[in-house]
DNA sequence: CTCACGTAAGTAAACGTTTACCTAGATGGT
DNA sequence: ACCATCTAGGTAAACGTTTACTTACGTGAG
């Protein structure tokens, strides 16, 4: 067949309309109902005069027993006709999609933006792609996303911290290799790794730095009070006080969420309720919200009130007053997570990894 | 069959190992090689004593001619066994995945974070999911993502501005319904809609505001100088000058990228080269970078140099000096894009939409 | 010459759905 | 009694791959 031939598509279901459309280069192409040109392995096979199996073998480089001639014919045909494998069909038979799902509570929180980005980069490096899901810290959405990802055949899932403890029953049932980041998680067969941050130390360092600078009344603002990642941080904050012989005043504590909106509101509440000279915010977004509230009341940072953040998101040093914060090496965590997942996929018998990342304090201008 | 029976899976390929694993609730479950419990429509059918077709009809609510009894049996079985349809198999036969792809240049740019979020929300509202891809403004990555998305059978794609004009040949070939946001794009059959921002007016408003405030030397910082979305902005900036009878000094212009890093570098360069009392930054990220550079040199904002942003990302009002900027209604744009796409998917014959969003100026404290 | 083996393919089943079309029984009208 | 129609559901092909197994044809050794 030469280059100007009419290529028939596969025999198609009688009910499905076929359209022959004049393509570029004066060629007739087979086009399906939605107007998509469909080049399949069978088309290549027919044109090359071989079977579909042979084409598949060549294209997947399992061509040990294929002659050089056939091999080249298939490759050049595939290139010429811009053959793109149908990943859906491939996934169906191989039961592997080379896609990993990522669930985060809030992509608008720059911490998660960075994390997602890092995961994506790490995944692509190893030939995987990612699908992103936002849970909004809503258990129902989280469960729905989990089911969605399972239904779409992802090979593994990275679940990043949210306030909620995931539905163990669901996870157990899905049996999809899972990486848990910074959250409490039940013991699960499919748990490939945990990447956690030593929040206790992080909060301790943050509060200790403030105490060391002479502050005696330090507000504490964090996420959902019921969630472990808040409780643990609070423990660090309290230990810093105990070790310095300072009392802990519950009036100084406001927990709710990690976003800037809560930071703003919590700070207003705190300001109305009591007095303090420093704030220990358990996320940078919280610290940004807090700073806005402080300014509203005419309070300067750090002159009237010092502010510590947590996470060291990329925006932190870009603020007009670069934010002092607790560094978490977000990208490294994301990369670690995805690498652990893919390693587990490659060899599920290997030991589960448990990583505890140690945070450090970065002093900039808000303290 | 009662609840404690051994459920055999489908007859499986002889070579594929089957493992019978003791599940929760003292039940033996059929488990595949990767350890995943596989409940298929056939399992439900066998248990209900009907054909797979009947199960499919019921579960898809095409059950006009199915008895109430059968229907209930199938539903309760499906619920009880936590049947989750295999979207991959479904997509293969229906040729529709109810997934849309989103390509952005840089998810770390808060503008795109918000856009992606809005698209995701809009898509989910209409029963679609999204897959996110980062192009890093790299034509090769963009092409690779396009191919990836096509290969994964997305129903449509939202492509957000990057500096590059997309590969028309590739797009033409893929024939996937496309929404183009804020970028030059060739006339394409599959172009479902364009959602653009009136950059010319936006930049004009930004510069005019600064001129109105008495500034005479206003720096202009924007993205890739070859890209239309920079050229058009520059035209607006220049028009504002012309209309005010002000000269345009090329020394005041630095174009490269829209991220904060370039904002920082460009401002340093400008500061070394010439003098000015205001900056017209064509993205908020650029403005944030510019502010940092200004501070470095001991210049206060807005006392020594006024700064205008562009986009009104959610962080803009959270800065210690809330940023004056040009508002773009990011979420609305995202929603518009996805709605246009899905409407097109529902009815491809409808007229293509062309939306030009009008920006407005928001004055805060940096000017 | 036979047999074993290596090479270059081809065959067909399988993945889990959806769906056009078929069937068989029941009902009802003439 | 016969035919048409409705109801409830079954059959089998199709989607585009991958892959275990088979085949057919050398070729060299014994």
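Protein chains in written order, with this note's numbering: chain A, 1 to 367; chain B, 368 to 734. C-beta: ideal position from N, C-alpha, C; glycine also.
Residue-level contact to chain B via CB, residue i, 8 Å cutoff
{"i": "residue 150 of chain A", "result": "yes"}
{"i": "residue 41 of chain A", "result": "no"}
{"i": "residue 134 of chain A", "result": "yes"}
{"i": "residue 147 of chain A", "result": "yes"}
{"i": "residue 241 of chain A", "result": "no"}
{"i": "residue 373 of chain A", "result": "Since the displayed chain A opens at 1 and closes at 367, residue 373 of chain A lies outside it and no answer follows."}
{"i": "residue 173 of chain A", "result": "yes"}
{"i": "residue 256 of chain A", "result": "no"}
{"i": "residue 209 of chain A", "result": "no"}
{"i": "residue 334 of chain A", "result": "no"}
{"i": "residue 107 of chain A", "result": "yes"}
Residue j beta carbon less than 8 Å from that of residue i
{"i": "residue 632 of chain B", "j": "residue 476 of chain B", "result": "no"}
{"i": "residue 517 of chain B", "j": "residue 84 of chain A", "result": "yes"}
{"i": "residue 454 of chain B", "j": "residue 215 of chain A", "result": "no"}
{"i": "residue 660 of chain B", "j": "residue 690 of chain B", "result": "no"}
{"i": "residue 306 of chain A", "j": "residue 210 of chain A", "result": "yes"}
{"i": "residue 499 of chain B", "j": "residue 469 of chain B", "result": "yes"}
{"i": "residue 158 of chain A", "j": "residue 99 of chain A", "result": "no"}
{"i": "residue 207 of chain A", "j": "residue 240 of chain A", "result": "yes"}
{"i": "residue 570 of chain B", "j": "residue 604 of chain B", "result": "yes"}
{"i": "residue 295 of chain A", "j": "residue 687 of chain B", "result": "yes"}
{"i": "residue 623 of chain B", "j": "residue 650 of chain B", "result": "no"}
{"i": "residue 213 of chain A", "j": "residue 181 of chain A", "result": "no"}
Per DSSP, cross-strand counterpart(s) of residue i
{"i": "residue 526 of chain B", "result": "B:470 and B:547"}
{"i": "residue 353 of chain A", "result": "A:193"}
{"i": "residue 279 of chain A", "result": "A:219 and A:307"}
{"i": "residue 119 of chain A", "result": "For residue 119 of chain A, which the question treats as bridged, DSSP gives no partner whatsoever."}
{"i": "residue 68 of chain A", "result": "For residue 68 of chain A, which the question treats as bridged, DSSP gives no partner whatsoever."}
{"i": "residue 691 of chain B", "result": "B:675"}
{"i": "residue 132 of chain A", "result": "A:102"}
{"i": "residue 727 of chain B", "result": "B:694"}
{"i": "residue 254 of chain A", "result": "A:221"}
Below-8 Å beta-carbon distance, residue i vs any chain A residue
{"i": "residue 389 of chain B", "result": "Bear in mind that the predicted position of residue 389 of chain B carries a pLDDT of just 32, short of 50, making it unreliable; the figure below should be weighed with that in mind. Answer no: the Cβ-Cβ gap between residue 389 of chain B and chain A never drops below 8 Å."}
{"i": "residue 399 of chain B", "result": "Only weak support exists for where residue 399 of chain B lies, its pLDDT of 41 falling under 50; the coordinates are left without a value."}
{"i": "residue 498 of chain B", "result": "yes"}
{"i": "residue 641 of chain B", "result": "no"}
{"i": "residue 731 of chain B", "result": "no"}
{"i": "residue 481 of chain B", "result": "yes"}
{"i": "residue 686 of chain B", "result": "yes"}
{"i": "residue 710 of chain B", "result": "no"}
{"i": "residue 484 of chain B", "result": "yes"}
{"i": "residue 458 of chain B", "result": "yes"}
{"i": "residue 426 of chain B", "result": "no"}
{"i": "residue 461 of chain B", "result": "no"}
{"i": "residue 487 of chain B", "result": "yes"}
{"i": "residue 523 of chain B", "result": "no"}
{"i": "residue 520 of chain B", "result": "yes"}
{"i": "residue 395 of chain B", "result": "Unreliable positioning characterises residue 395 of chain B in this predicted model, as indicated by a pLDDT of 33, which lies under 50. A coordinate reading is not provided."}
Buried versus exposed call for residue i [16 or more other C-beta atoms within 10 Å across all chains shown]
{"i": "residue 463 of chain B", "result": "exposed"}
{"i": "residue 67 of chain A", "result": "exposed"}
{"i": "residue 383 of chain B", "result": "Because the pLDDT of residue 383 of chain B is 30, which lies under 50, any placement of that residue in the model is unreliable, and the question is left without a value."}
{"i": "residue 494 of chain B", "result": "exposed"}
{"i": "residue 234 of chain A", "result": "buried"}
{"i": "residue 424 of chain B", "result": "buried"}
{"i": "residue 363 of chain A", "result": "exposed"}
{"i": "residue 33 of chain A", "result": "With a pLDDT of only 37 at residue 33 of chain A, under the threshold of 50, the placement of this residue in the model should not be trusted, and no figure is reported."}
{"i": "residue 275 of chain A", "result": "exposed"}
{"i": "residue 617 of chain B", "result": "exposed"}
{"i": "residue 441 of chain A", "result": "Residue 441 of chain A falls outside the range modelled here, since chain A spans only 1 to 367, and no answer is possible."}
{"i": "residue 352 of chain A", "result": "exposed"}
{"i": "residue 619 of chain B", "result": "buried"}
Residue i beta carbon near the ligand HEM (any heavy atom closer than 7 Å)
{"i": "residue 257 of chain A", "result": "Annotation note on the ligand HEM: not contained in the displayed structure, which lists no ligands."}
Quiz item: Closer than 7 Å, Cβ to any Cβ of chain B: which residues of the region 68-88 of chain A, in chain order?
Solution: Result list: 82, 84, 85, 86, 87 and 88.
Practice problem: Name, going along the chain, the residues of the region 653-681 of chain B whose beta-carbon falls closer than 9 Å to a beta-carbon of chain A. | Solution: The residues in question are 655, 656, 658, 659, 662, 668 and 681.
Practice problem: Could you name the residues of the region 214-231 of chain A whose beta carbon sits closer than 8 Å to any beta carbon of chain B, in the order they occur along the chain? | Solution: Answer in chain order: no residues at all.
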